[in-house]
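Here's the structure, in structure tokens; my notes come after.
Residue numbers (UniProt numbering), protein chains in the order written: chain Y, 1 to 122; chain E, 1 to 282; chain A, 1 to 139.
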């Protein structure tokens, strides 16, 4: 039995703050939980805070990309916030660019970006 | 005469004339270093070394690479590091060891057994002297590489241009080690200053080839993944021509001819952000 | 790959049989890298590579052993990590090292990506299993 990463609902937004070193199973669980929650709550946006993550490997990177695509299909925008400089440099070298994933420097800017996106969508 | 006999003779001589030898050794080396090292410090260094050599000789004979000489070797390495850091030459450092030969020569070279023992001891000291040179060079290399690193840091200042906008004026060639440092500093500054825009000005970069373009692209992508926009400015006409002539893919890199254009663009976007602030969070 | 004289004879070993062991292995590598004084970026690259290779070993080799130790060469020091499994081996290493090539459910960046993240990379594979050795230098 592995732990699950909590998905918090704030208004129309789902907030995920990853605080632990992720095991592969947790990554898969999170992906499933998130899509279930988007449907259940009708959330319009998802913010995934990875500022505590010391590494993002291709497995986690793929989850972030897949998640952005899934949530878009379900009518919600995903913003990944707080990626550390060393993590970004490593991902680039690894060959991952997270194309199609919206990003922001920190949680505050992420929420702001979500609001702007929903405003422009009407 | 056996080696054991020679060793015994050496040990006896070194013990009997310890004070004489030490004094002579210290003064020979002292003259060589011309007072750049205090008498007390030198005396302390050499007497420690003398005891270590004597101890090892007594325990195991003349094998300088053996385990009983471990203490002697570590003392010598320490001594060499010290000398290298304080600007002595490698010759001066090695001579600190070789001088002991001169000191011993008159007492041993008198008869045949003594001469034999002396030659064997001289060989040991040669080995130990070489060790100091090795340690000396290693220390100098460390100094050089740490200076190179400092230089790298100095050569890449990341400056805050405006609220939310940081810039790096790049001067000189851009290799992968340098890119690493620039990238790291730039990205960290974005986080520290909560800036969403970065401008890399390459006016001072003499040539842009495929590799430099690759490095720049990596930086742009890394910044984007962190949620910031990175623009390259200062592309001189000749550089633009090379880029096109070489067919370098610059497609994904946002560019501006001049730093002021890039800044104007960035400020426009930062102002849009600020408009949102008025409406509050959530 | 050169035969580096180990600074400390101590080799840290983590057996990998499930995905939580991969986490344990990469944490072990991180601790070692921190102790050796690798910069944060170097640490992150090494640990990410270890994560990729550890997962590869688990998925394709049915698990195995991760060994890591400090190495020195001239004035620099670094971390050596070895991933050894008794799996079926990789039939075409050239192909497996190509970006985007995948036999599992990853993005096909496991081997090729890990190779780019480290300074030295060596792979041996046969019917008796696969061994990957990497070195990341401090500077």
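Yeah, the Cβ is synthetic: ideal placement off N, Cα and C, and Gly gets one too. Computed from a prediction, not measured in an experiment: that's the story for all the values here.
Is residue 27 of chain A close to chain Y, meaning its C-beta is less than 8 angstroms from at least one C-beta of that chain?
Residue contact check for residue 27 of chain A against chain Y: a CB pair falls below 8 angstroms.
Using CA atoms only, rank isn't needed, just tell me which of E/45, E/236 and E/103 is closest to residue 81 of chain E.
With respect to the C-alpha of residue 81 of chain E, the residue from E/45, E/236 and E/103 having the closest C-alpha is E/45.
Is the segment 85-97 of chain A touching the segment 24-31 of chain A, taking contact as three or more C-beta pairs under 8 angstroms?
The segment 85-97 of chain A, when compared against the segment 24-31 of chain A, does not touch it at the 8 angstroms Cβ threshold.
Proximity below 8 angstroms, CB of residue 52 of chain Y to CB of residue 13 of chain Y:
It is not a contact, given that the beta carbons lie outside the stated cut-off.
Using the Cβ count rule (16 or more neighbours within 10 Å means buried), how would you classify residue 25 of chain E?
The residue is buried, with at least 16 neighbouring Cβ atoms inside 10 Å.
Would you kindly work out how many angstroms separate the C-alpha atoms of residue 88 of chain Y and residue 165 of chain E, rounded to a whole number?
Approximately 19 angstroms between the Cα atoms of the pair.
According to the neighbour-count rule (16 or more other Cβ atoms, all chains shown, within 10 Å of its Cβ), is residue 36 of chain Y buried or exposed?
By the neighbour-count criterion, in which 16 or more other beta carbons inside 10 Å mark a residue as buried, residue 36 of chain Y falls on the exposed side.
Return yes when the Cβ of residue 61 of chain Y is within less than 8 angstroms of the Cβ of residue 116 of chain A, no when it is not.
No; because the gap between Cβ atoms is not below 8 angstroms, this pair is not in contact.
Going residue by residue through the segment 16-50 of chain Y, where are the continuous alpha helix (DSSP H) segments of at least 4 residues, counting only ones entirely within it?
Counting whole runs of 4 or more residues, the segment 16-50 of chain Y contains the alpha helix (DSSP H) stretches 24-41.
Let me know the secondary structure DSSP gives residue 107 of chain A once reduced to three states.
Since pLDDT at residue 107 of chain A reaches only 48, below the 50 mark, its modelled position is unreliable, and no value is offered.
Apply the 10 Å Cβ neighbour rule to residue 111 of chain E and answer buried if 16 or more other Cβ atoms are within range, or exposed otherwise.
By the neighbour-count rule (16 or more Cβ atoms within 10 Å), residue 111 of chain E is not buried but exposed.
Residues in the segment 128-154 of chain E having any Cβ partner in chain A nearer than 8 angstroms
The segment 128-154 of chain E vs chain A, Cβ under 8 angstroms: 138, 141, 142, 145 and 149.
Does DSSP put residue 96 of chain A in a helix, a strand or coil?
Per DSSP, reduced to three states, the secondary structure at residue 96 of chain A is helical.
Any 3 or more C-beta pairs closer than 8 angstroms across the segment 258-268 of chain E and the segment 226-235 of chain E
Yes, since at least three Cβ pairs between the segment 258-268 of chain E and the segment 226-235 of chain E fall closer than 8 angstroms, the two stretches touch.
Bounding residues of the beta strand (DSSP E) (the contiguous stretch that carries residue 70 of chain A)
64-73 is the span of the beta strand (DSSP E), which, as asked, contains residue 70 of chain A.
Which complete beta strand (DSSP E) runs does the segment 160-234 of chain E hold, if anything under 3 residues is left out?
The DSSP assignment places complete beta strand (DSSP E) segments of no fewer than 3 residues inside the segment 160-234 of chain E at 165-171, 197-204 and 229-233, in order along the chain.
Does any residue of chain Y have a CB that is nearer than 8 angstroms to the CB of residue 117 of chain A?
Taking CB atoms only, residue 117 of chain A has a neighbour in chain Y less than 8 angstroms away.
If you measure between the beta carbons of residue 149 of chain E and residue 75 of chain A, is that distance less than 8 angstroms?
Not closer than 8 angstroms, so no.
Any beta-carbon of chain E closer than 8 angstroms to the one on residue 37 of chain A?
No, residue 37 of chain A does not count as interfacial toward chain E.
Check distances from the C-beta atoms of the UniProt domain "STAS" (155-266) of chain E to those of chain A and list, in chain order, the residues that come in under 8 angstroms.
Cβ contacts with chain A come from 180 and 184.
Just list the alpha helix (DSSP H) runs in the segment 72-148 of chain E, keeping only unbroken ones of 4 residues or longer that don't cross its boundaries, in chain order.
The segment 72-148 of chain E contains these whole alpha helix (DSSP H) runs: 90-108.
Under the rule that 16 or more other beta-carbon atoms within 10 Å means buried, what is residue 12 of chain E, buried or exposed?
Residue 12 of chain E is exposed by the Cβ-count criterion.
In the structure shown, what three-state DSSP assignment does residue 134 of chain A receive?
Here residue 134 of chain A sits in strand by DSSP.
Given residue 79 of chain A, which residues of its chain have a CB within under 8 angstroms of its CB, disregarding the five upstream and five downstream residues?
Here residue 79 of chain A has 29, 32, 33, 36, 38, 46, 68, 69, 70, 71, 135 and 136 as same chain residues with Cβ atoms under 8 angstroms from its own Cβ, once five neighbours each way along the sequence are excluded.
Kindly list the residues whose CB is nearer than 7 angstroms to the CB of residue 187 of chain E, restricted to its own chain and excluding five residues on each side of it in sequence; keep chain order.
Setting aside the 5 residues that flank it on each side, residue 187 of chain E is surrounded in the same chain by 222, 223 and 226, each with a C-beta closer than 7 angstroms to its C-beta; the list follows chain order.
Any beta carbon of chain E sitting closer than 8 angstroms to that of residue 66 of chain Y?
No - not a single Cβ of chain E is within 8 angstroms of the one on residue 66 of chain Y.
Helix, strand or coil for residue 13 of chain E per DSSP?
Three-state DSSP puts residue 13 of chain E in a helix.
Mind the definition here: the segment 235-248 of chain E touches the segment 206-221 of chain E only if three or more C-beta pairs lie below 8 angstroms; say whether that holds.
Because the criterion of three Cβ pairs below 8 angstroms is met, the segment 235-248 of chain E and the segment 206-221 of chain E touch.
With DSSP run on the structure shown, which of helix, strand or coil describes residue 250 of chain E?
DSSP places residue 250 of chain E in coil when its eight states are reduced to three.
Quick one: measure Cβ to Cβ for residue 85 of chain A and residue 54 of chain A, integer angstroms, because I've assumed they're closer than 8 angstroms.
Wrong, their Cβ atoms sit about 10 angstroms apart, outside the cutoff.
In the DSSP assignment, find the alpha helix (DSSP H) that holds residue 99 of chain Y and state where it starts and stops.
Looking at the DSSP string, residue 99 of chain Y is not in any alpha helix (DSSP H), and its letter there is neither H nor E.
Ends of the alpha helix (DSSP H) at residue 71 of chain Y?
First-last of the alpha helix (DSSP H) with residue 71 of chain Y: 58-73.
Distance between residue 10 of chain A and residue 41 of chain E (C-alpha atoms, nearest Å):
Taking the straight line from one Cα to the other gives about 37 angstroms.
Taking contact to mean 3 or more Cβ pairs, one atom from each stretch, closer than 8 angstroms, check whether the segment 69-88 of chain Y and the segment 106-119 of chain Y are in contact.
Under the 8 angstroms Cβ criterion, the segment 69-88 of chain Y counts as touching the segment 106-119 of chain Y, having at least three qualifying pairs.
Within 8 angstroms, strictly: CB atoms of residue 204 of chain E and residue 170 of chain E
Going by C-beta atoms, residue 204 of chain E is nearer than 8 angstroms to residue 170 of chain E.
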